Structures are given as C-alpha cells and as structure tokens.
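With full-length UniProt numbering, the residue at position 34 of the sequence shown is 34, and numbering never jumps. All C-beta atoms in this analysis are idealised placements derived from N, C-alpha and C, irrespective of residue type, glycine included. Since this is a predicted model, take the numbers as computed values, not measurements. Here the structure comes first, spelled out in structure tokens, and everything after it is commentary.
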Amino acid sequence: MPIYRSIPVLSGAMGFLAADGSAFRLHAKPTLHGETFFDHKSNYSLNCQLVILPHNLLIADYGIGFPGSVHDAYAFQYTRTSREHVELLGDRHWIWADSAYPVGAATSDVWNVNHHI
C-alpha cells in the first residue's frame, strides 16, 4: 500500500507549488510481483511523487510506494494534494507540473504557463 503524507503549509498569500515524480532504485527484484517494479529505464524501482514550494524547497506533500512501472500522473492522483486540492489550495494556489500530468483545476503545464494566469 503506497504511503502518502502532507503538511499544511499554505496560508494567505497567492502562490504556486511544483510537482514531479522520481524513481528510487531498488537493489534487487522484489520477490512478490517483481516485474511490476521494472521501470522504463530498465531498473527495479519505487515511484515517488513530490509536491514542493519552489522558493524554499519545502516538501508540502509526498507519496511513495507505487511500483516503478506506474506513470507519474497515475501516482500523483493518489496524493492528498491531488485529491483534496480545493480544501488545500483553494483558488489562490496552483501546481506547476510537466506535460506528463493532466492539466486540471489545481495543475498547470509548465510549458503552457498562461493556462491559469
């Protein structure tokens, strides 16, 4: 079962967060369902999602536990920030993410920054 944690870091001021995924390499193939941990770079890994405040690099939310074969956009949808973006972000904050993430109410594509502005 994936592990997800988040902390309440947003208050008052308007701003943005950044989200991205990364793979944590495993030393060996897991015994149970090991093939699902094989990622696109030919490593066995765990997917990790981070949502950060770029100005101070504070981690606002993270999720780890999905196998490396899982797409970043799929893993991101299980973070608290993605599921409860209205309560956590309101209409004053948004998340910049790369094109692997769907553009939605809380996210904006980094390469199309005028989407929400």
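Burial state of residue i, where buried means 16 or more other Cβ atoms lie within 10 Å
| i | result |
| --- | --- |
| residue 59 | exposed |
| residue 28 | exposed |
| residue 67 | buried |
| residue 114 | Legend: pLDDT at residue 114 = 49, less than 50; position of this residue unreliable, no value from coordinates given. |
| residue 93 | buried |
| residue 31 | exposed |
| residue 13 | Confidence at residue 13 is low in this model, with a pLDDT of 48, below 50, so its placement is unreliable and no value can be given for it. |
Where residue i falls: helix, strand or coil (DSSP)
| i | result |
| --- | --- |
| residue 31 | coil |
| residue 98 | coil |
| residue 117 | Because residue 117 sits at a pLDDT of 47, beneath the cut-off of 50, its placement in the model cannot be relied upon, and the following sentence gives the value as read from the coordinates. It is coil, neither helix nor strand. |
| residue 10 | At residue 10, the pLDDT of 48 sits below 50, so the modelled position is not reliable; the number obtained from the coordinates is stated separately. If DSSP states are grouped into helix, strand and coil, residue 10 belongs with coil. |
| residue 1 | With a pLDDT of only 49 at residue 1, under 50, the local geometry of the prediction cannot be trusted, and the value read off the model is given with reservation. Three-state result, residue 1: coil. |
| residue 61 | strand |
| residue 92 | coil |
| residue 82 | helix |
For residue i: DSSP bridge partner residues
| i | result |
| --- | --- |
| residue 20 | 50 |
| residue 38 | 44 |
| residue 66 | 47 |
Proximity test, residue i beta-carbon vs the ligand MN heavy atom, cut-off 6 Å
| i | result |
| --- | --- |
| residue 44 | Questions concerning the ligand MN fall outside what the structure shown contains, since it holds no ligand whatsoever. |
Q | Inter-stretch contact at 8 Å, needing at least 3 Cβ pairs: the segment 74 to 93 / the segment 38 to 45 | A | Contact annotation: the segment 74 to 93 does not touch the segment 38 to 45, with fewer than three C-beta pairs closer than 8 Å.
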